[in-house]
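A short worksheet on the structure shown next.
Residue numbers (this note's numbering), protein chains in the order written: chain B, 187 to 503; chain U, 13 to 257.
Right, here's the structure in full:
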């Protein structure tokens with residue numbers, strides 16, 4: 187208790203001192219930062235760590251705001267997060283519902299008014315969560331579980347980083363283009379494999395509403411989502427309704443979460459006879475530059491396997 | 013006698029003046045009024061500045077105003093428009109459809125996404141282009157008193173010439189709920205320099221002809237509707253009332 191109090195006082199003093207030093211001052215006319223050494227770029231989620239690492243190369247330092255093993259869906263800010271936030275020159279955020287805790291951390295660290303935020307999704311066209319959401323259109327914040335929307339975020343981040351650090355703007359953009367080309371190649375390779383598969387029997391449900399952008403870009407549709415809201419476990423009635431919907435539209439496969447196990451997936455598999463697969467939300471494990479590409483490839487392999495299953499196991503088969 | 017004197021003394025009324033001069037009620041009223049007024053002003057002003065502007069009659073939201081197939085194509089067109097503009101900035105020319113396909117760029121690249129979403133046929137229309145060549149230039153007017161007899165070769169030429177506008181036009185899609193699509197890339201004045209800026213349009217007829225004018229009022233008159241992307245900036249503005257664009 188005493189240790190925690192001392193830690194909080196220390197954090198507050200540090201915030202005051204760093205605020206006075208105003209090392210984050212941006213030029214009032216250009217928006218460029220006055221940097222002393224390499225720019226320190228904070229990120230809130232794993233995909234953004236990969237995106238920024240590939241954009242900045244060795245010309246900036248990439249720092250994750252929260253620990254790698256934290257669950258971003260129900261995260262409670264920790265004192266260490268505030269200490270990290272105090273050191274950032276800028277912070278890349280999802281900003282549309284997947285990292286609201288980041289704004290609490292920034293505020294608690296005393297950086298609300300002097301930390302430039304990069305909203306990765308500023309120019310990404312958002313789509314609603316699929317499945318039956320009670321006729322409501324709810325924004326899906328998982329734009330990073332995709333290739334096209336990911337590329338758009340990469341370019342937006344590169345553009346904003348270039349504004350903050352003009353000396354390296356061209357370098358960031360070149361790297362962003364090369365990275366985007368690799369991701370697009372990943373998509374094209376999958377599409378080649380995908381083209382040989384029969385899609386007519388493919389109907390899926392997902393435990394988590396994280397895959398609408400991924401499915402949309404491959405021309406696939408999600409028939410049902412088990413979670414009634416982002417990260418919320420369904421009630422018994424909601425679950426019964428979803429199971430009815432799965433049976434009604436003959437859903438053949440259920441995509442569960444790789445990182446966030448949900449105890450309901452097995453009972454649903456048993457109750458409906460669907461085949462279960464796991465997709466990665468790209469939100470767990472260590473932060474690495476190649477995480478997005480590695481886990482997106484795994485996702486595409488899993489998707490192809492699921493489509494192949496539905497093609498070879500028709501209803502009742 | 014002694015008892016009576018004590019009673020008289022105990023019944024004597026004494027008026028004590030409040031040290032504040034009876035201002036408590038007035039001060040209390042003023043504070044209450046100020047609180048109510050400031051709260052009301054905050055609520056009214058806050059409500060006015062929140063959220064993106066409402067759509068106009070010829071506009072449609074990408075979030076809840078498009079069919080499934082149109083929404084999928086819009087999601088691909090929006091980043092594609094950015095890349096087309098960047099390519100133009102880098103090379104000074106507009107990439108052809110074949111070049112866009114070579115870079116695997118959806119929705120132009122003919123993959124499963126293209127097949128599932130109607131197999132739309134795309135064309136790039138350059139500024140001043142004679143797109144089809146089907147319409148021969150009409151003869152110059154006889155009574156032009158010797159003035160320049162410049163005549164536009166066809167409607168497409170007229171639609172693009174002088175507007176500094178390049179466009180990418182998609183039609184012939186076969187999916188249910190399919191529209192025709194148009195990326196219009198014009199020049200916008202931003203501060204002290206010119207930049208390319210794209211707007212996306214749809215027409216409910218998937219075989220709608222290429223419009224003979226690319227200015228907004230002309231497109232609207234010909235049944236085209238502008239797609240307003242509901243993007244992350246719009247969502248942040250709706251939820252938090254701040255612009256981050």
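Glycine included, every Cβ here is placed at the ideal spot set by N, Cα and C. In this text, all values refer to a predicted model and were calculated from it rather than measured experimentally.
When only Cα atoms are considered, residue 345 of chain B and residue 338 of chain B end up about 11 Å apart. Contact between residue 470 of chain B and residue 445 of chain B holds, with the beta-carbon distance rounding to 3 Å and staying under 8 Å.
Remark: C-beta atoms of residue 88 of chain U and residue 119 of chain U approach each other more closely than 8 Å. Per DSSP, residue 279 of chain B lies in no alpha helix (DSSP H) segment; the continuous beta strand (DSSP E) that holds it begins and ends at 276-279. Comparing C-alpha distances from residue 104 of chain U to each of U/208, U/127, U/76 shows the shortest one belongs to U/208. Assigned with DSSP and collapsed to three states, residue 467 of chain B falls in coil, not helix or strand.
Residue U/64 holds the alpha-carbon nearest to the alpha-carbon of residue 248 of chain U among U/64, U/50, U/57. Within the stretch 78-100 of chain U, the residues whose Cβ lies closer than 7 Å to some Cβ of chain B are 83, 84, 86, 87, 88, 90, 91, 94, listed in chain order. For residue 211 of chain U, the pairing in a beta bridge is given by DSSP as U/196. In the DSSP annotation of this structure, the continuous segment of the alpha helix (DSSP H) that includes residue 98 of chain U starts and ends at 80-103. In the DSSP annotation of this structure, the continuous segment of the beta strand (DSSP E) that includes residue 303 of chain B starts and ends at 303-305. Look at the beta carbons and you see the stretch 228-235 of chain B touching the stretch 466-485 of chain B: at least three pairs across the two are nearer than 8 Å. The Cβ atoms of residue 391 of chain B and residue 412 of chain B sit closer than 8 Å to each other.
For residue 495 of chain B, the uninterrupted alpha helix (DSSP H) segment begins and ends at 477-498.
Residue 255 of chain B carries a coil assignment under DSSP once its states are collapsed to helix, strand and coil. Following the DSSP letters along the chain, one finds residue 452 of chain B inside the alpha helix (DSSP H) bounded by residues 451-458. Ranking B/287, B/252, B/261 by CA distance to the CA of residue 270 of chain B puts B/252 first.
Within the stretch 301-335 of chain B, contact with chain U at the beta-carbon level (separation under 8 Å) is assigned to 303, 305, 306, 307, 308, 309, 310, 311, 312, 313, 314, 323, 325, 329, 334, 335. Cα atoms of residue 47 of chain U and residue 251 of chain U: separation of roughly 26 Å, rounded to the nearest angstrom. For residue 249 of chain U, no Cβ of chain B is located within less than 8 Å of the residue's own Cβ. For residue 244 of chain U, the nearest beta carbon of chain B is closer than 8 Å to its own beta carbon.
Using beta-carbon distances, residue 66 of chain U does not count as an interface residue toward chain B, since no partner is under 8 Å.
Shown here, residue 225 of chain B sits in a strand according to DSSP, grouped into three states. Going by C-alpha positions, residue 249 of chain B is about 32 Å away from residue 96 of chain U. Residue 26 of chain U counts as exposed, since fewer than 16 other beta carbons sit within 10 angstroms of its beta carbon. The beta carbon of residue 223 of chain B sits no closer than 8 Å to any beta carbon of chain U. With fewer than 16 other Cβ atoms inside 10 Å of its own Cβ, residue 101 of chain U counts as exposed. Here residue 388 of chain B is buried, its C-beta having at least 16 other C-beta atoms within 10 Å. For the options U/37, U/57, U/85, the alpha carbon positioned closest to that of residue 402 of chain B is the one of U/85. Annotation: residue 333 of chain B is outside any alpha helix (DSSP H) and is labelled neither H nor E by DSSP.
One Cα belongs to residue 414 of chain B, the other to residue 49 of chain U, and the distance between them is close to 40 Å. For residue 237 of chain U, the number of other beta carbons within 10 angstroms of its own is at least 16, and it is reported as buried. Taking a beta-carbon distance threshold of 8 Å, residue 114 of chain U does not count as an interface residue toward chain B. Close CB contacts of residue 112 of chain U within its chain, under the 6 Å cut and outside five residues either way in sequence, are with 120 (chain order). Take residue 240 of chain U, set aside five residues on each side of it, and the residues of its chain with a beta-carbon closer than 8 Å to its own are 67, 71, 72, 73, 74, in chain order. Beta-bridge pairing by DSSP links residue 462 of chain B to B/440.
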